Each structure stands twice: as structure tokens, then as C-alpha cells.
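Here the UniProt record's numbering is used: position 364 in the sequence shown is 364, and no number is missing along the way. Right, one structure below, let's go through it.
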Amino acid sequence: MIIPAVAAGWLATRYGAKRFLLCAMMINSVVGCLIPTLAAFGSIWVIICRGIQGFCNGFVLPSLYALFGKWIPAYERSRCMGFIYSGGIIGVITSNLLSGYVANTEFGWPAIFYMYSIFGIMWCLLFWIFGENSPASHKTISQEEKKYIQLSLSTQEKKKLATPWKKIFTSTCFLSLIIAECGDHFAYYLLVSQIPNYLKHIVKLGISNNGLISSLPHIVSWILIYILSYISDKLISSQTLSITATRKSVAAVGIIVPAISLTALAFCGPEDNIKAIIFLVVGLSVETAVAYSGIYVNSVDLSPNHAGILGGICNQFSKLCSALGPVVVHFVLTSDVNLNQWKTLFFITTAVKFCTGTVFVLFGSAEIQPWNYEIDISTKSAKPAKVSDYVAVETTEVNSTGL
1 MIIPAVAAGW
11 LATRYGAKRF
21 LLCAMMINSV
31 VGCLIPTLAA
41 FGSIWVIICR
51 GIQGFCNGFV
61 LPSLYALFGK
71 WIPAYERSRC
81 MGFIYSGGII
91 GVITSNLLSG
101 YVANTEFGWP
111 AIFYMYSIFG
121 IMWCLLFWIF
131 GENSPASHKT
141 ISQEEKKYIQ
151 LSLSTQEKKK
161 LATPWKKIFT
171 STCFLSLIIA
181 ECGDHFAYYL
191 LVSQIPNYLK
201 HIVKLGISNN
211 GLISSLPHIV
221 SWILIYILSY
231 ISDKLISSQT
241 LSITATRKSV
251 AAVGIIVPAI
261 SLTALAFCGP
271 EDNIKAIIFL
281 VVGLSVETAV
291 AYSGIYVNSV
301 DLSPNHAGIL
311 GGICNQFSKL
321 CSALGPVVVH
331 FVLTSDVNLN
341 QWKTLFFITT
351 AVKFCTGTVF
361 VLFGSAEIQP
371 WNYEIDISTK
381 SAKPAKVSDY
391 VAVETTEVNS
401 TGL
């Protein structure tokens, strides 16, 4: 999944995100449909199929970011992106419920792959009909809506812009975002992967209750995403806080609450099982909700024109860091029933999340960066593109009603 992320972001920005997102989802769906049949010929074919799916998935998130930069106004960014990301959480919850039910039918486990493949193909058909790279190319939305979106963004349509790679990788605010996302992915995937073990060996939950409690953080985070996203956009649209102050405030919540919860969790024993569950659910759900509604949106804040590239870069590094979680678990947690080792694991997770989040609070920004408007590569000159070349130029006079 991480191999093509940066290249995918550049391709989606340069040639349009719709075609890459469509191709990635369609290939993913078709290959998923082939897995049950190919599994009969050996596990190597399943591995190859999963490898193809992982490669295609690497195009999905950067392509989405490229679309976010063209479609979502600043005053609605937290709500829209939070709503979109919450779909992933709903998918996890519903797939866990549906998969078990479908597997127990007369069609067996292959029906799971067929079902999700059909869903994917249906989505591709709908997106092919209704989706577009930008408001300017959409044929059915009203002129009022199109004008509102364009005036709310700083995106360039008429001419293509160069990718300011050096400025991107030397931008302090963007580097702080990469660090924050790396810490978030490390903490999230480590905790999610170890929740069942912790509940089984320390809290002493049975397998049926274990599954229910393990899904609670996803359910709570899904609710919190809507709450935090709504509050964030209201603070911005009412000019109570600037976009930067809002993003940093939300990030601070994502530092403090999980730090307190995980620290308290480290001191819970088998006799404190109710408290342990509460601390675990609060810590993980707040961490997830803050990431989706306050941190991941920052790539679009910094550069709507290059949001696909920034999202791809962040995805590349953060997925690499998420792979470090199992390594840490391997060295720290040598016994699933050793409470002191669990304490150490929670302390490490808290420290990583606290340090990386603090970097973002200190050095992050949500202001559109000057390199969002880089030189015009459609001409041979190295002069910046004129303001008149832009379909939409940032304005501070556009309010949440679009007036």
C-alpha cells in the first residue's frame, strides 16, 4: 500500500484524481472477486492478489486528497473530511458483522469476497457517473454551488502548476504534520492490534465480550468525529478561532486525553476491568476522532493545489511508522500476562503520541503556503502564474453561507 503513495499523489494532481481512483477501486474489486477461485491453485496466488490490491490501495488516499483540495471549502473541511473518513469506521463495524453472517450461509467464506467486490464495482459505477475532478468540470451542480466552492478555495484550474518538491520537504509546518501523522498511525495500529490480547489476558474477558468491547472504540470515535468536526468548522466560520488555532486546539485534545487515559490504563489491574475498558475506549476513540477531524485535514489546509501530493507523502511515512508497532510489541511484550510489560507498552505509546503531537502544536500551521502557487509549467518561462490564471483565489470575505 505504501509503495506508490507519493507517485500516486503526483499523478492524481497532474492528470486528475478521478481516473486513478476509479482504476484503483475497480482493479481492487475485480481482484477480490478472483481470490476464492485462485485460492484453489495455491496460497501464492492469494498472496499475489493481495499484493495487487495493496498496490492499488496506495492510489486511493492520495487521489482522495487531490479531490478534497478541489471540492471542499475551508469552512466545511472538518465536517466533510470527517464524514468521509467516518465511512471507513462504519465499514469496519459493518464488515465485521456481515462477514460472520455471510460466512455461515450455504455459500460459505467465498461469498464474503464476492459481496465486497460487488459493492466496490457498484461504487465505481456511481463515481464514474457522478464524480468529477473539480467543480469546474462538473456538469450538473448549480452555478451558485460551483461559484461558492471555487471562491472558497485557492485552487488553480486553467494551467498546471509545477510541484515545488524542495519547498514541500523543507516546509516546517508540513514536516510537523508528517511527524504528527506518523505518531498517530504508530499509536493507533499498535493499540488496535493489541486490544484483544489486553482484554483477554489482563481484563480477563471472554471471546464474545472481547469482540464487543474491541469494537466500542470504533463506535465512539465515529460519534466523536461528527462532534469535533462540527465544533471545528463552527469555530472557524464564526471567526472565534483562526483555522490554525482550531487545528492546534483539536490536536491538543488529541494529546492530552489519550495521554491521561493510557497512563491511567497502565495502572489498571485485573480487578479494575471496568475502569480499564473505559480508559481504553476513551483514549483510542479520542485519538482517532482528533486525527480524522483535525490532523488529516491539514494537508488540504496547507496547499489545496498539491493536497494529493502532501497526502501521499504523509501516507507513505505514516504507514511505514505503523509497521514499527509490531516490532515494539515483539521486544516489549514477551508475555501476554505480564502487567508490567503492558505498562511499558502503554507508556511508550503515550510518549510517542505526546511528543509527535506536541511538535504539530508548536510548529504546525493551517495557512495556505506560498508554494501552493508555484511557477507555471505550461510555459517555458519561470514566471509565476498570474492571478487571472486562477479560477479561484483565496478570499477572506467568503463566509459559511458562500456570500
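Glycine included, C-beta positions come from ideal geometry on N, C-alpha and C. Here the structure is a predicted model, which means the values were calculated and not measured.
Asked                                                                                                                                                                             : Found
Measuring alpha carbon to alpha carbon, tell me which of Met26, Gly51, Val257 and His218 ends up nearest Asn96.                                                                   : His218
Please classify Gly87 as buried or exposed, where buried requires at least 16 neighbouring CB atoms within 10 angstroms.                                                          : exposed
Could you give the DSSP three-state label for Leu161: helix, strand or coil?                                                                                                      : strand
Would Val102 pass as a contact of Met81 if the rule is Cβ separation under 7 Å?                                                                                                   : no
Tell me whether the segment 280-290 and the segment 233-242 touch, counting them as touching only if at least three CB pairs, one residue from each stretch, are closer than 8 Å. : no
State whether the segment 181-193 contacts the segment 347-358, with contact taken as three or more CB pairs (one from each stretch) at a distance under 8 Å.                     : yes
Within the continuous alpha helix (DSSP H) that includes Cys321, where are the two ends?                                                                                          : Ala307 to Ser322
In terms of alpha-carbon separation, which member of Ile44, Pro110 and Gly131 lies closest to Phe68?                                                                              : Gly131
Under the three-state reduction of DSSP, which class applies to Pro73: helix, strand or coil?                                                                                     : coil
Looking at C-alpha atoms only, which residue of Asn298, Trp342, Gln341 and Gly312 is the closest neighbour of Thr13?                                                              : Gly312
Helix, strand or coil for Ile149? Go by DSSP, reduced to three states.                                                                                                            : helix
Within this structure, are the beta carbons of Ile90 and Ser99 separated by less than 7 Å?                                                                                        : no
State the start and end residues of the unbroken alpha helix (DSSP H) segment that holds Ile202.                                                                                  : That residue, Ile202, is in no alpha helix (DSSP H); it is neither H nor E in DSSP.
By the three-class DSSP mapping on this structure, what secondary structure does Asp184 have?                                                                                     : helix
Which two residues bound the contiguous alpha helix (DSSP H) that contains Thr356?                                                                                                : Leu339 to Phe363
To the nearest whole angstrom, what separates the beta carbons of Ser63 and Cys124, a pair I think is in contact under 8 Å?                                                       : Their Cβ separation, rounded to whole angstroms, is 13 Å, which puts Ser63 and Cys124 out of contact at 8 Å.
Compute the Euclidean distance between the alpha carbons of Ser229 and Tyr65, then round it to the nearest angstrom.                                                              : 17 Å
For Ala17, which of helix, strand or coil comes out of DSSP?                                                                                                                      : helix
Can you list, in chain order, the residues of its chain whose CB lies under 6 Å from that of Val337, leaving out five sequence neighbours each side?                              : His201
Enumerate in chain order the residues of its own chain whose CB-to-CB distance from Val257 is below 6 Å, with the five nearest sequence positions on each side excluded.          : Val286
Kindly give me the distance between the Cβ atoms of Leu339 and Gly269, rounded to whole angstroms, as I take these residues to be in contact under 8 Å.                           : 6 Å
Should Ser171 go down as buried or exposed, given a rule of 16 or more other Cβ atoms within 10 Å for buried?                                                                     : buried
Run the CB neighbour count on Val282, radius 10 Å, all protein chains shown included, and call it buried at 16 or more, exposed below.                                            : buried
Report yes if the C-beta distance between Val361 and Ala252 is below 7 Å; otherwise report no.                                                                                    : yes
Quick one: grab the DSSP three-state call for Asp301.                                                                                                                             : helix
Quick check on DSSP: helix, strand or coil for Lys139?                                                                                                                            : coil
Would you kindly check if the distance between the Cβ of Ala39 and the Cβ of Val46 is under 7 Å?                                                                                  : yes
According to the neighbour-count rule (16 or more other Cβ atoms, all chains shown, within 10 Å of its Cβ), is Gly120 buried or exposed?                                          : buried
Put Asp336 into one of helix, strand or coil per three-state DSSP.                                                                                                                : coil
Cβ atoms of Ser117 and Cys33: under 7 Å apart, would you say?                                                                                                                     : yes
Run the CB neighbour count on Lys70, radius 10 Å, all protein chains shown included, and call it buried at 16 or more, exposed below.                                             : buried
Among residues of its own chain, excluding the 5 on either side of Gln341, which ones have a beta-carbon nearer than 8 Å to its beta-carbon?                                      : Val332, Leu333, Thr334 and Ser335
Can you tell me whether Ala251 is helix, strand or coil according to DSSP?                                                                                                        : helix
Which of helix, strand or coil does DSSP assign to Trp109?                                                                                                                        : coil
If we ignore side chains and look at the alpha-carbon of each, how far apart do Ala276 and Leu265 end up?                                                                         : 5 Å
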